[in-house]
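Let me begin by presenting the structure, written as structure tokens, before commenting on it.
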Amino acid sequence: MSEETKVYTYRWAVLLVFGLIFMVGQMMWLTFSLIRNEVTTVFGLAAGDPAVVLLTASQPLAFIILSIPVGWLADRKGLVTVAGLGAIIQVLFGTLRIFFINDFALVFACQFGLSIGSVMIQNCIVYLSVSWFPKGERGLATGVSTLFMLLGMLLGTALSMVLWTAPLFGDPGFTVALAQANVESILYLDTILAVILTVAFFAVARDKPQHPPDIDVLAEATGSIRGMLKDRNVWFISFGFFAGFGIFIGLTAIVEELLVSLGIPITAGLGSPAIVMVLLLVFGIIGAIVVPAISDKVQKRKPFLIVSLIVGIIATWVLGNSTSAEMAYVSAAILGFFLIAVMPIALSMLEEFKTVGPELSGAST
138 MSEETKVYTY
148 RWAVLLVFGL
158 IFMVGQMMWL
168 TFSLIRNEVT
178 TVFGLAAGDP
188 AVVLLTASQP
198 LAFIILSIPV
208 GWLADRKGLV
218 TVAGLGAIIQ
228 VLFGTLRIFF
238 INDFALVFAC
248 QFGLSIGSVM
258 IQNCIVYLSV
268 SWFPKGERGL
278 ATGVSTLFML
288 LGMLLGTALS
298 MVLWTAPLFG
308 DPGFTVALAQ
318 ANVESILYLD
328 TILAVILTVA
338 FFAVARDKPQ
348 HPPDIDVLAE
358 ATGSIRGMLK
368 DRNVWFISFG
378 FFAGFGIFIG
388 LTAIVEELLV
398 SLGIPITAGL
408 GSPAIVMVLL
418 LVFGIIGAIV
428 VPAISDKVQK
438 RKPFLIVSLI
448 VGIIATWVLG
458 NSTSAEMAYV
468 SAAILGFFLI
478 AVMPIALSML
488 EEFKTVGPEL
498 SGAST
């Protein structure tokens, strides 16, 4: 077995095109998040029907069901096959939403379908960082992937509001026909962007470099999924990951209802719910880069994971008990910075366990 290693500059190009298809999937998933009231009747539901929240729940549900088998597939078939197929699935089901826009059941099925594609891409995060990046850069590489995820969430929520030109639900002049025309134009833009970025991914991405970036990638494959699932450390890290990601996703689904329950005034357009979401995502982007980079530099993971979880939980409590919009904004910024930092650190820690290692980097995600 050759022990030659080499770090390729091309790794950043692969990370870029991977991040872009990850980003557009998150955009498509959260397209409806801040315009739920406007599109509920377009879907054929009664105004105020809580079932519309299921559209946001589609991706966590797909992740829980498919994460391990899709990760195992990534370890066996590689980045281009699995992430590329995920990108194609995103485009397919994202496009179908346009044609089924008046049937909520079919829109939800399409939303779940594109979420499957997003999960296929997400489960290649650690595989990519292990295959292309040396050990000292893997936390940063995972953080950059997380940055693209958050950027997609930010664009998916904010652009829907920015591109909404029809009257808002409840305002004079609101009609289902105008709302449908507006949401269809947004979905067309999503689809066109997804097609362009998917083509770019297949043009640029490669599974692995000719020589691995670090000596640990050359190690013989000794791990197994059964052994990985018996490791208590894996379960501890998974709890940290799901706590951080679950709280974050939950907030994206109920932010408007939460602020109303706290007595914080809700305004149309880029009002308080949108500001909370933007702060969560922007500071999450900063945290996803800064914290993993420091973790890489000092070569420690666990202290950063624990501190991020503790501060994130405290900030969640403060946000849930805010008495003013200003308190909600500050706690949302702190929550985003620390809680989102859990994700890249947790993924980097998983790959470093002996029961996981490079050969199960996809399944561990």
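Last residue of the sequence shown: 502 (the working numbering), numbering continuous. By construction, the Cβ of each residue, glycine as well, lies at the ideal position given by its N, Cα and C atoms. Predicted model, so just to flag it, every value in this text is computed and none were measured.
With respect to the C-alpha of S445, the residue from I477, V267, V419 and V467 having the closest C-alpha is I477. In terms of Cα proximity to S485, the closest of V455, Y466, L456 and A425 is A425. When the five nearest sequence neighbours on each side are left out, the beta carbons in the same chain lying within less than 7 Å of the beta carbon of V154 are those of A337, F338, V341 and A342, in order along the chain. Rounded to whole angstroms, the separation of the alpha carbons of L192 and D240 is 13 Å.
Residue burial is scored here from C-beta neighbours: V299 has fewer than 16 other C-beta atoms within 10 angstroms and is therefore classed as exposed.
Nearest in C-alpha terms to A242, of all of L388, V428 and F180, is F180.
The stretch 209–252 contains no complete beta strand (DSSP E) run of 3 or more residues.
In the three-state reduction of the DSSP assignment, E393 falls in the helix class, which pools H, G and I. Counting along the chain, W301 sits inside no alpha helix (DSSP H), nor does DSSP assign it H or E at all.
When only Cα atoms are considered, P304 and V176 end up about 12 Å apart.
Within the same chain, and ignoring the five residues on either side of C247 in sequence, the residues whose Cβ sits closer than 7 Å to its Cβ are F230, L233, R234 and F237. Contact between the stretch 270–287 and the stretch 155–172 is present: 3 or more CB-CB pairs across the two stretches fall below 8 Å. Relative to S252, the option among P197, A278 and S170 whose CA is nearest is P197.
Buried is the label assigned to V151, since at least 16 other Cβ atoms lie within 10 Å of its Cβ. Rounded to the nearest whole angstrom, the C-alpha separation of L292 and I323 is 12 Å. In the DSSP annotation of this structure, the continuous segment of the alpha helix (DSSP H) that includes P429 starts and ends at S409 to V435. In terms of CA proximity to Q163, D327 leads the group D327, Q436, P440 and I423.
By alpha-carbon distance to L456, the top candidate from K437, I482 and L396 is L396. Per the C-alpha coordinates, the member of A278, V428, T453 and M160 positioned closest to V256 is M160.
Distance between E393 and P410, taken at the CA atoms: about 5 Å. In the three-state scheme derived from DSSP, where H, G and I count as helix and E and B as strand, A194 is classed as helix. Put simply, the backbone Cα of W301 is about 31 Å away from that of A220. Pairing G307 with F245, the inter-Cα distance amounts to about 24 Å. Straight across, the Cα-Cα distance linking A314 with L416 is about 33 Å. In this structure, DSSP gives V179 a state outside helix and strand, which the three-state scheme calls coil.
Around S468, the same chain offers A452, V455, L456 and S459 as residues with beta carbons nearer than 7 Å, after the five sequence neighbours per side are excluded. Burial is judged here by how many other beta carbons sit within 10 angstroms of a residue's own beta carbon; Q227 has at least 16 and is buried. With distances taken between CA atoms, I423 lies nearest to F475 out of V189, F475 and S266. In this structure, the straight-line span from the alpha carbon of S266 to that of Y145 is close to 12 Å.
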